[in-house]
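A.B. asks:
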Amino acid sequence: MNDSRSKDAHNGVQEKSSDDLVVDLSLLFARAMRANPNTCFSNVIDMMVHYLPEAFSAAGKLVEGWYVVDLEDEVVINEHGWYALPDGQILDPTVVILVPPDRSVYYFSGVERTYQEVNMILQQKEAWFPYVRCVGTYGEDGLGHPDYAAAYEAARKKALALAHASTPPKHMTFLTAQDLEGPQEAMELQVHLFLVSPTRSEEEQSGEVQSDS
Numbered sequence: 001m002n003d004s005r006s007k008d009a010h011n012g013v014q015e016k017s018s019d020d021l022v023v024d025l026s027l028l029f030a031r032a033m034r035a036n037p038n039t040c041f042s043n044v045i046d047m048m049v050h051y052l053p054e055a056f057s058a059a060g061k062l063v064e065g066w067y068v069v070d071l072e073d074e075v076v077i078n079e080h081g082w083y084a085l086p087d088g089q090i091l092d093p094t095v096v097i098l099v100p101p102d103r104s105v106y107y108f109s110g111v112e113r114t115y116q117e118v119n120m121i122l123q124q125k126e127a128w129f130p131y132v133r134c135v136g137t138y139g140e141d142g143l144g145h146p147d148y149a150a151a152y153e154a155a156r157k158k159a160l161a162l163a164h165a166s167t168p169p170k171h172m173t174f175l176t177a178q179d180l181e182g183p184q185e186a187m188e189l190q191v192h193l194f195l196v197s198p199t200r201s202e203e204e205q206s207g208e209v210q211s212d213s
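For the record, in the sequence shown the residue sitting at position 123 is 123 according to full-length UniProt numbering, with numbers rising by one throughout.
(1) Based on DSSP bridge pairs, tell me the residues matched to M172.
(2) To which residues of the same chain is T94 closer than 7 Å at the C-beta, ignoring the five residues directly before and after it?
(3) Following the continuous beta strand (DSSP E) through F108, name the residue where it begins and the one where it ends.
(4) Alpha helix (DSSP H) containing V68: first to last residue?
(5) For H192, is the classification buried or exposed, using 16 other Cβ atoms within 10 angstroms of its Cβ as the cut-off for buried?
(6) Kindly give me the distance between the Cβ atoms of F29 and L91, rounded to whole angstroms, as I take these residues to be in contact under 8 Å.
(7) Given this structure, state the Cα-to-Cα distance separating A161 from S109, to the nearest angstrom.
(8) Can you tell me where the alpha helix (DSSP H) holding K157 begins and where it ends?
(9) Measure the C-alpha to C-alpha separation of G139 and Y152 and round it to an integer number of angstroms.
(10) Label S166 either buried or exposed according to how many other C-beta atoms from any shown protein chain fall within 10 Å of its C-beta, with 16 as the threshold for buried.
(11) Looking at A155 and V68, is the spacing between their C-beta atoms short of 9 Å?
(12) Between D73, P101, L52 and S17, which has its C-alpha nearest H164's C-alpha?
(13) Quick one: grab the DSSP three-state call for A84.
(14) Which value, in whole angstroms, describes the spacing of the CA atoms of D179 and E126?
(15) Touch check for the stretch 45-52 and the stretch 132-149: three-plus C-beta pairs under 8 Å?
(16) Output yes or no for whether 9 Å exceeds the beta carbon distance between M48 and V118.
(17) Can you say whether D46 is buried or exposed, counting buried as having 16 or more other CB atoms within 10 angstroms of its CB?
(18) Give the DSSP-derived three-state secondary structure of S17 in the structure shown.
(19) I'd like to confirm the pairing. Which residues does DSSP put opposite L91 in its beta bridges?
(20) Out of V76, L122, G88 and A58, which has the shortest C-alpha to C-alpha gap to K157?
(21) What separation, rounded to the nearest whole angstrom, lies between the Cα atoms of G60 and G12?
(22) Between the C-alpha atoms of L175 and Y106, what's the straight-line distance to the nearest angstrom?
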């Protein structure tokens, strides 16, 4: 299955935030599904396709993108999956069990997929999400896809701005989605961050990326 750019093209990347998150409904789904804080794509796919397909098949889209979490002493950027409602609001059954409600979260959409497209991808043998990386067309990191790369760049700039808004600057952690042998714990949250693996380019840039333990 080819990854269609026509469905995913953006005229610039729009920043969303915690203000766009429908917290009560996201928590309802998270609790009902027993969402795992380490598997954001599995959580949102379960919500869309397996848990309540009749509610999600008509409108809205699964998003493959990036989010930035502004912690007290650290700013984290990571690949992330969530659900975009037709009115632009967000359902995210992962972030509501991962990040304390008083911490700001910023969303940057890269690739959006309809219910029907997600269902077709799930029929493929060994397909996984973010599919922009699995499909093989855009490189192992998916950043050959111009919209996914634009979302990453917007998220990176946001993370840098947040980090340097404090004196001294906050520690920055750049993460990408990879399979883990075991969950990894966020220093400040005392909960598990989703799929941790720092990229080499960001290690070189920030010089402060947290190493896997």
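Ideal Cβ positions, reconstructed from N, Cα and C, are used throughout, including at glycine.
C.D. replies: Short version:
(1) Beta-bridge partners assigned by DSSP to M172: V75.
(2) The residues A35, P37, C40, N43 and F194, in chain order, have a CB closer than 7 Å to that of T94 in the same chain once the five nearest residues on each side in sequence are set aside.
(3) S104 to R113
(4) No alpha helix (DSSP H) contains V68, which is instead part of the beta strand (DSSP E) from K61 to D70.
(5) With a pLDDT of 33 at H192, under the threshold of 50, the modelled position of this residue cannot be trusted; read the value that follows with caution. Burial call: buried.
(6) 7 Å
(7) 19 Å
(8) P146 to A163
(9) 14 Å
(10) exposed
(11) With a cutoff of 9 Å on beta-carbon distance, V68 and A155 are scored as near each other.
(12) D73
(13) Judged by DSSP in its simplified three-state form, A84 adopts strand.
(14) A caution first: D179 carries a pLDDT of 38, below 50, which makes its placement in the model unreliable, though a value can still be read off. Roughly 14 Å between the two C-alpha positions.
(15) The answer is no - the stretch 132-149 does not touch the stretch 45-52, with fewer than three Cβ pairs under 8 Å.
(16) yes
(17) buried
(18) strand
(19) Beta-bridge pairing by DSSP links L91 to Y83.
(20) Selected option, being the one with the closest Cα: V76.
(21) 20 Å
(22) 15 Å
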